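Q: Taken in order, these protein sequences are the chains called F and H.
Numbering follows this note's numbering, with no gaps: position 33 of the first sequence is 36.
Numbering follows this note's numbering, with no gaps: position 94 of the second sequence is 99.
Backbone N, C-alpha and C fix where the C-beta goes; we use that ideal spot for every residue, glycine too.
Predicted model only: the values in this text are computed from it and were never measured.
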Amino acid sequence: MTQFPGEYAPLLVLVLVLAALGTLALLGLAFAAYRRRGTRPYLLVVAVLVLLVARTVVGIGTVFAVVPMLAHHLVEHSIDLLTAAVLLYAVYTTPLGTAD
Amino acid sequence: MADTRTRIETSIETHPGIHFSEIVRRLELAPGQVQYHLKRLRADDTVVAEPVYGKTHYFPPEYTDWERDALALLRRETAGGVVAYLLANGPATPAAVADSLDIARSTLEWHLDRLVDHQLVSKHRDQSNHVTLTVDQRDRTVQLLREADPTLRERMVDRFTRLVDKLLDQ
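#1: Which residues in the same chain as tyrosine 63(H) place their Cβ atom closer than 6 Å to its Cβ, once the five residues preceding and following it in sequence are excluded?
#2: Three or more C-beta pairs closer than 8 Å, one from the region 75-85 of chain H and one from the region 153-164 of chain H: is that the case here?
#3: Which of the residues in the region 9-33 of chain F, read from start to end, lie with their CB under 9 Å from any CB of chain H?
#4: For valine 136(H), write down the residues that DSSP places opposite it in a beta bridge.
#5: Taking only three categories from DSSP, how would you classify alanine 35(H)?
#6: Which value, in whole angstroms, describes the spacing of the CA atoms of alanine 109(H) and valine 57(H)?
#7: Chain F beta carbons: is any one of them nearer than 9 Å to that of threonine 166(H)?
#8: Judging by CA-CA distance, which residue of Val140(H), Ala75(H), Asp74(H) is the nearest neighbour of asparagine 94(H)?
#9: Report buried or exposed for alanine 88(F), applying the criterion of at least 16 other Cβ atoms within 10 angstroms of its Cβ.
#10: Please report how far the alpha carbon of histidine 129(H) lies from the alpha carbon of proline 21(H), in whole angstroms.
#11: Roughly how many angstroms lie between the CA atoms of leucine 73(F) and valine 48(F), to the nearest whole one?
#12: Taking Cβ positions only, does leucine 173(H) come closer than 9 Å to chain F?
#13: Answer yes or no: does any C-beta atom of chain H fall closer than 9 Å to that of tyrosine 45(F)?
#14: Mapping DSSP to helix, strand and coil, what is histidine 123(H)?
#15: DSSP state of valine 70(F), grouped into three classes?
#16: Do leucine 106(H) and valine 87(H) have their C-beta atoms within less than 9 Å of each other?
Dropping the structure here:
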């Protein structure tokens with residue numbers, strides 16, 4: 004935990020734990036919804052939330068010195084790029100609903 | 006051991022349509038223990054198991070096939086809401102139901118497919134092909150709707166799909 008000023012470390016760990024719980028709960032919901040519907044938009048929602056969980060995992064990895072700071076930034080911002088790409092793809096491929 | 010079995014039986018009687026993991030959670034028992042007792046209860050026809058859309062629900066034996074399917078469906082908040090609206094307001098068009106419940110048409114249609122499949126709701130078309138929705142077995146459906154209480158998880162998954170459908174439908 005050398006990269007962080009000491010007094011912020013417990014706060015950071017707390018935030019990471021809460022983020023992990025929150026994103027995992029959301030991912031669970033998204034996965035249940037995908038199993039129910041089985042459509043591509045729901046699969047993309049699962050993909051985005053997997054990326055969100057991955058961010059927290061990398062964050063926890065850095066706090067416990069498993070992921071070095073340099074790799075941390077590269078991975079985190081690559082995940083942002085991927086998230087944007089998945090969402091843009093989802094938006095672009097959402098067809099106009101057919102009214103009946 | 007008979008005591009545990011009675012608790013499982015009571016839990017199924019008070020929550021008809023309960024599923025396996027919920028019995029384990031509510032009674033704080035080991036899954037293997039619940040599995041063992043359910044097997045015995047099913048063998049002497051004290052409870053009936055019914056797989057509905059990928060999940061096994063458990064019922065007391067007095068429920069008919071139609072009632073078991075209906076109850077499993079009504080435990081979903083949106084499906085229950087659609088049926089409750091039709092019971093309260095009488096026959097209505099899909100557009101009126103979707104508007105009133107503030108759900109996307111895709112959400113409504115997904116639930117209607119299942120409600121129609123299981124003869125809870127029927128679609129009537131007039132000469133100009135306009136659809137009207139009605140509840141088939143009014144009295145029994147009202148009763149079942151009262152017994153159906155969705156778990157927190159079911160409620161959350163239901164609300165999550167409504168939200169995503171709405172976002173995608175705009």
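A: Per the coordinate set shown:
#1: Ile17, Ile23, Val52, Ala54
#2: yes
#3: Ala28, Leu29, Gly31, Leu32, Ala33
#4: Arg130(H)
#5: coil
#6: 24 Å
#7: yes
#8: Val140(H)
#9: exposed
#10: 31 Å
#11: 29 Å
#12: yes
#13: yes
#14: coil
#15: coil
#16: yes
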